[in-house]
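Trainee: Below: one structure in structure tokens.
There are 2 protein chains.
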Amino acid sequence: MSSEKQPEKKRDPNNPCLFCKDARGVSLSNEHAYSARDSYAVSPGHTLVIPRRHVASFFDLMPEEINACMELISGERRLLDQEFKPDGYNIGVNIGAAAGQSIFHVHIHIIPRYQGDVDNPQGGIRHVIPKKGHYTRR
Amino acid sequence: MSSEKQPEKKRDPNNPCLFCKDARGVSLSNEHAYSARDSYAVSPGHTLVIPRRHVASFFDLMPEEINACMELISGERRLLDQEFKPDGYNIGVNIGAAAGQSIFHVHIHIIPRYQGDVDNPQGGIRHVIPKKGHYTRR
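Keeping their order, the protein sequence lines are chains X and F.
When we follow the working numbering, the leftmost residue of the first sequence carries the number -16, and every step to the right adds one.
When we follow the working numbering, the leftmost residue of the second sequence carries the number -16, and every step to the right adds one.
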């Protein structure tokens, strides 16, 4: 009998898909999509908008699914403005592992931003390529 | 008479608005939006999708403007796939100076991504908050 501890097994978020199962903590929902706060929030109020259909790429969404997502983005903006009073937002999606996607069920990030949350916010989502985020206007 | 050099005056991209004027280098266009390659590309093929109407915030777009932008995002994806053969994409928008917006006319970034363009791409647009981009799944 061994007393060695087994390393804790981490849940694979893709098997079963974390965003297909009955979502706990749903914030808003409609026919084709729902929203939920991000479990690894990068800022207070960080929220995901998730189409119900299991598809990996944003490019594979149908127009009615995109519209459903846009409706929830607007609704979340109202909720987040009230609850968190952010000074701005980044909205974006990662498509493919090379772009940083790790759960292969489309999810659109809504990231509330706050004055001073980073030293120099200029560039915003340009910072996906960390050294290229800042630029000097010619 | 002075021989001092005047510091070169940098163009203010908001006055007049860089994205309202007759755009050079338009890639695709439709009734409500156009696309163009980014002048400060963070990756080969970095493209902007820009509604024609001058409005600062993505949240102030009307449904037909959002649909027009989505149409151009799809069209650009086809063009960029052909020309640059990226391995993924980030798509996103900055809303407000606190979120890194510096030209106050809505523009949606399409950032093609390539294997190895950063050491660890995981997180993607989470990197708007640089230290929070990476996370370890619990």
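C-beta: ideal position from N, C-alpha, C; glycine also.
Keep in mind the model is a prediction, meaning the values are calculated, not measured.
Does chain B have any CB closer than 8 Å to the CB of His37 (chain F)?
Mentor: This model lacks chain B altogether, as its protein chains are X and F.
Trainee: Any residues in the segment 63 to 83 of chain F with a beta carbon nearer than 7 Å to a beta carbon of chain X? Which ones, in chain order?
Mentor: Asp70, Gly71, Tyr72, Asn73, Ile74, Gly75, Val76, Asn77, Ile78, Gly79, Ala80, Ala81, Ala82, Gly83
Trainee: Helix, strand or coil: which one does DSSP assign to Asn103 (chain X)?
Mentor: For this step, residue 103 (chain X) is matched to residue 120 along the first sequence. Residue state, collapsed to three classes: coil.
Trainee: Near Asp70 (chain X), what residues of its chain come up, given a Cβ to Cβ distance below 8 Å and the 5 sequence neighbours on each side ignored?
Mentor: Here residue 70 (chain X) refers to the residue found at position 87 when the first sequence is read from its first residue. So the qualifying residues of the chain are Arg96, Tyr97, Gln98.
Trainee: Can you say whether Gln84 (chain F) is buried or exposed, counting buried as having 16 or more other CB atoms within 10 angstroms of its CB?
Mentor: Taking the second sequence and counting its residues from 1, the one referred to as residue 84 (chain F) is at position 101. Answer is buried; the Cβ neighbour count reaches 16.
Trainee: Hey, Leu44 (chain X) and Asn13 (chain X): beta-carbon distance below 8 Å or not?
Mentor: The residue labelled residue 44 (chain X) in the question sits at position 61 within the first sequence. The residue labelled residue 13 (chain X) in the question sits at position 30 within the first sequence. No, they are not a contact pair.
Trainee: I'd like to know if Ser(-15) (chain F) contacts chain X, where contact means its C-beta is closer than 8 Å to some C-beta of that chain.
Mentor: For the purposes of this step, residue -15 (chain F) is taken as residue 2 along the second sequence, with counting starting at 1. Any reading at Ser(-15) (chain F) needs caution, since the residue's pLDDT is 46, under 50, leaving its predicted position unreliable; the model's value is listed next. No, Ser(-15) (chain F) does not count as interfacial toward chain X.
Trainee: For Ala16 (chain F), does the three-state DSSP call read helix, strand or coil?
Mentor: As a first step, residue 16 (chain F) must be located in the second sequence, where it is residue number 33. Note: Ala16 (chain F) maps to strand in three-state DSSP.
Trainee: For Ser12 (chain F), go through chain X and note every residue whose CB falls closer than 9 Å to its CB, in chain order.
Mentor: Numbered from 1 along the second sequence, position 29 holds the residue referred to as residue 12 (chain F). Within chain X, no residue comes near Ser12 (chain F); the closest Cβ sits about 20 Å away, beyond 9 Å.
Trainee: If you follow the alpha helix (DSSP H) that Leu31 (chain X) is part of, which residue opens it and which one closes it?
Mentor: Against the first sequence, residue 31 (chain X) aligns to sequence position 48. Unbroken run through Leu31 (chain X) is the beta strand (DSSP E), 30 to 34; no alpha helix (DSSP H).
Trainee: What separation, rounded to the nearest whole angstrom, lies between the Cα atoms of Lys68 (chain X) and Tyr23 (chain X)?
Mentor: Along the first sequence, one-based indexing puts residue 68 (chain X) at 85. Along the first sequence, one-based indexing puts residue 23 (chain X) at 40. Each residue's alpha carbon lies about 20 Å from the other.
Trainee: Rounded to whole angstroms, what is the Cα-Cα separation between Cys52 (chain X) and Pro(-4) (chain F)?
Mentor: Taking the first sequence and counting its residues from 1, one reaches residue 52 (chain X) at position 69. Taking the second sequence and counting its residues from 1, one reaches residue -4 (chain F) at position 13. Our two residues, Cys52 (chain X) and Pro(-4) (chain F), have alpha carbons roughly 31 Å apart in a direct line.
Trainee: Compare the C-beta of Val32 (chain X) with all C-beta atoms of chain F and state if any pair is closer than 8 Å.
Mentor: Here residue 32 (chain X) refers to the residue found at position 49 of the first sequence. No, Val32 (chain X) does not count as interfacial toward chain F.
Trainee: If I follow the unbroken alpha helix (DSSP H) through Pro46 (chain X), where does it start and stop?
Mentor: Locating residue 46 (chain X) in the first sequence gives position 63, counting from the first residue. Going by DSSP, Pro46 (chain X) is part of the alpha helix (DSSP H) stretching over 46 to 67.
Trainee: Identify which residue in X:Leu63, X:Gln65, X:Ile86, X:Gln105 has its Cα closest to the Cα of Gly79 (chain F).
Mentor: Taking the second sequence and counting its residues from 1, one reaches residue 79 (chain F) at position 96. Gly79 (chain F) has its Cα closest to that of X:Gln105, out of X:Leu63, X:Gln65, X:Ile86, X:Gln105.
Trainee: Assuming Ile108 (chain F) is part of the beta strand (DSSP E), what are its boundary residues?
Mentor: In the second sequence, residue 108 (chain F) corresponds to position 125, counting from 1. That residue, Ile108 (chain F), is in no beta strand (DSSP E); it is neither H nor E in DSSP.
Trainee: How big is the Cα-Cα spacing for His117 (chain F) and Asn103 (chain F)?
Mentor: Taking the second sequence and counting its residues from 1, one reaches residue 117 (chain F) at position 134. Taking the second sequence and counting its residues from 1, one reaches residue 103 (chain F) at position 120. Each residue's alpha carbon lies about 9 Å from the other.
Trainee: Taking the alpha carbon of Ile91 (chain F) as the reference point, which residue from F:Gly8, F:His29, F:Lys(-7) has its own alpha carbon closest?
Mentor: Taking the second sequence and counting its residues from 1, the one referred to as residue 91 (chain F) is at position 108. Among F:Gly8, F:His29, F:Lys(-7), the Cα nearest to that of Ile91 (chain F) is on F:His29.
Trainee: Just to confirm, is the Cβ distance from Val111 (chain F) to Ile33 (chain X) under 8 Å?
Mentor: Here residue 111 (chain F) corresponds to residue number 128 of the second sequence, with the count starting at 1. Here residue 33 (chain X) corresponds to residue number 50 of the first sequence, with the count starting at 1. Their beta carbons are not under 8 Å apart, which means Val111 (chain F) does not touch Ile33 (chain X) by this criterion.
Trainee: I think Ser18 (chain X) touches Glu59 (chain X), with their Cβ atoms under 8 Å apart; what is that distance to the nearest whole Å?
Mentor: Counted from its first residue, the first sequence places residue 18 (chain X) at position 35. Counted from its first residue, the first sequence places residue 59 (chain X) at position 76. Sure, about 5 Å apart at Cβ, within 8 Å.
Trainee: List the residues of chain X whose Cβ lies closer than 7 Å to the Cβ of Ser18 (chain F), in chain order.
Mentor: Against the second sequence, residue 18 (chain F) aligns to sequence position 35. Under the 7 Å cutoff, chain X gives no residues; its nearest Cβ is about 15 Å from Ser18 (chain F).
Trainee: If you follow the beta strand (DSSP E) that Arg128 (chain F) is in, where does it begin and where does it stop?
Mentor: The displayed coordinates of chain F run from -16 to 121. Any statement about residue 128 (chain F) would go beyond what the structure contains.
Trainee: Is there a C-beta anywhere in chain X that falls below 8 Å from the one on Asp43 (chain F)?
Mentor: Here the question's residue 43 (chain F) lines up with position 60 in the second sequence. It does not; no Cβ of chain X falls within 8 Å.
Trainee: In terms of residue numbering, what span does the beta strand (DSSP E) encompassing Tyr72 (chain X) cover?
Mentor: Position 89 of the first sequence holds residue 72 (chain X). Its beta strand (DSSP E) spans residues 71 to 78.
Trainee: Going by CA-CA distance only, name the one from F:Ile86, F:Val89, F:Ile94 that's closest to Ala81 (chain X).
Mentor: Along the first sequence, read from residue 1 onward, the residue named residue 81 (chain X) stands at position 98. For the residues F:Ile86, F:Val89, F:Ile94, the minimum Cα distance to Ala81 (chain X) belongs to F:Ile94.
Trainee: Which residues in the same chain as Lys115 (chain F) place their Cβ atom closer than 7 Å to its Cβ, once the five residues preceding and following it in sequence are excluded?
Mentor: Counting from one through the second sequence, the residue named residue 115 (chain F) turns up at place 132. Residues Arg109 of the same chain have their beta carbon placed closer than 7 Å to that of Lys115 (chain F), with the five preceding and five following residues left out of the count.
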